[in-house]
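K.L.:
Everything in the sequence shown is counted per my numbering, starting at 47 for the first residue and increasing by one.
The structure follows.
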Amino acid sequence: MFRRALLLAVAVAAAALLVPAALAARVHVRVEGKTRTIFGPTAPLVEGGANALSALDAASVAGEFYYHLTQASFGAYVDQIGLYPAGAQAGWVFKVNGASPPVGADQVALKDGDSVLWYWAEFGPAGGPPTLALRRTTGSCYRVLAQNDAGVATPARGAVLRVDGRVRRTTGGRGCVGRHRGLVRATMTGAVRSNALP
Ligand code: B12
C-alpha cells in the first residue's frame, strides 16, 4: 500500500514537472491594430503561448504594448489593445491558424508552431472583415489570400502589394513587385492587412 502511494506521488511530481514544459508552446504571434501593426509584422515565434490569451500576453511583454483584460459575464475578455478600446460592434478578435474560434481566448489551447492573430475588427451585417495572408510564390511574386472566420481562403481580388513606398496591383490576388529591399505586405479595402514577407 505504502509502495503504491509512493509510486503515485512520484508520478504526480513527474507530471507536475512536465506540465509547464508542455504548456509553454512557441507560437507565431501578430497583432494588427486599427491603423497599423502593433506587434510582429512577420509573426515571430513567441514563448509562452499556452493559449491564445497567454500568447497575447507574451507578445505584449516582448513588444511592450498595452492590453487590457476584463472579466465579462461568461469569461475573460480583451477589451483593449494599444490605444483603442472595444465599443459597440467593434473591438478585438483573434484567429488561430486562420480561423476564428467560437470561444474566449483563454479556452483555446495552443501547440508549438500555431499562429495567433489578434486584430481590430468592426462587425456589420455581413460579419467581420476577412484577414489577408501573404505567400511568396517564385522570385518576387506573391499570392494574397483572404480568409473568412471559418478559415476558408480565397484569392484576395482587389488586393495590392506594398513595398519600399511602392504599390502594385494584383490580378486575382497574384502579383510581382520586382527588386525590393523592404518587407512586402498586402492590403485590401475592408480586410485586415497581411503578414509581411521579404
Ligand atoms: C458584440 C459582440 C462582440 C464584439 C464586442 C464589442 C464590445 N463592445 O466590446 C466583438 C466583435 C469585439 C466581439 C469579440 C469576440 N467575441 Co463576441 N459577441 C458579441 C455579441 C454579438 C453581443 C455581445 C453584447 O453586446 N451583449 C450585450 C451586453 C449588454 O452584454 P455584456 O455581457 O456586457 O457584453 C459584453 C461581453 O459579451 C463582451 N464580449 C463580446 N464577445 C465576447 C466573447 C467572450 C468569450 C467574452 C468572455 C466576452 C465577450 O463584449 C460585450 C460588450 O462589452 C455576442 C453574441 C450575443 N448575441 O450575445 C458575441 C459573443 C459573446 N462573442 C463570442 C466570441 C466567441 C467572441 C470572440 C472570442 C471571437 C474571436 N474568436 O475573437 C471575441 C472576443 C475576443 C476577446 N477580445 O477577448 C461568443 C462567445 C461564445 C462563448 N461562449 O464563449 C458570442 C456569444 C457569439 C457566438 N455565439 O459565438 N464580440
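Glycine included, C-beta positions come from ideal geometry on N, C-alpha and C.
1. Identify the continuous beta strand (DSSP E) that holds Leu158 and give its terminal residues.
2. In chain order, what residues of the same chain lie with their CB nearer than 6 Å to the CB of Lys80, ignoring the 5 residues before and after it?
3. Going by the C-beta, is Phe169 closer than 7 Å to any heavy atom of the ligand B12?
4. Quick check: Leu102 and Val73, are their CB atoms within less than 8 Å of each other?
5. Let me know if Pro176 comes out buried or exposed under the rule of 16 or more other beta-carbons within 10 Å of its beta-carbon.
6. For Ala96, which residues from the same chain have a beta carbon less than 8 Å from its beta carbon, with the 5 sequence-adjacent residues on both sides left out?
7. Kindly say whether Arg189, judged by its beta-carbon, lies nearer than 8 Å to any beta-carbon of chain B.
8. Any heavy atom of the ligand B12 closer than 7 Å to the Cβ of Gly79?
9. Can you give the Cα-Cα distance for Leu178 and Gly219, rounded to whole angstroms?
P.N.:
So, from the listed chains and residues:
1. If you number the sequence shown from 1, residue 158 lands on position 112. One detail in the question is off: residue 158 reads as Asp in this sequence, not Leu. Annotation for Asp158: no beta strand (DSSP E) segment contains it, and DSSP assigns it neither H nor E.
2. For the purposes of this step, residue 80 is identified with residue 34 of the sequence shown, where counting begins at 1. Same-chain partners within the cutoff: Tyr130, Trp166.
3. Walking along the sequence shown from the start, residue 169 turns up at place 123. Because some heavy atom of the ligand B12 lies under 7 Å away, the Cβ of Phe169 counts as near it: yes.
4. Position 56 of the sequence shown, counted from the first residue, corresponds to residue 102. Position 27 of the sequence shown, counted from the first residue, corresponds to residue 73. No, they are not a contact pair.
5. As a working note, residue 176 is residue 130 in the sequence shown. Looking at its Cβ environment, which holds 16 or more other Cβ atoms inside 10 Å, Pro176 is buried.
6. Residue mapping note: residue 96 aligns to position 50 of the sequence shown, counting from 1. Closer than 8 Å at the Cβ level, and outside the excluded window around Ala96, lie Leu69, Ala70, Ala71, Ala155, Leu156.
7. Protein chains in the displayed structure number just one, and chain B is not present.
8. Counted from its first residue, the sequence shown places residue 79 at position 33. Every heavy atom of the ligand B12 is 7 Å or more from the Cβ of Gly79, so no.
9. Here the question's residue 178 lines up with position 132 in the sequence shown. Here the question's residue 219 lines up with position 173 in the sequence shown. Straight-line Cα distance between these residues: approximately 10 Å.
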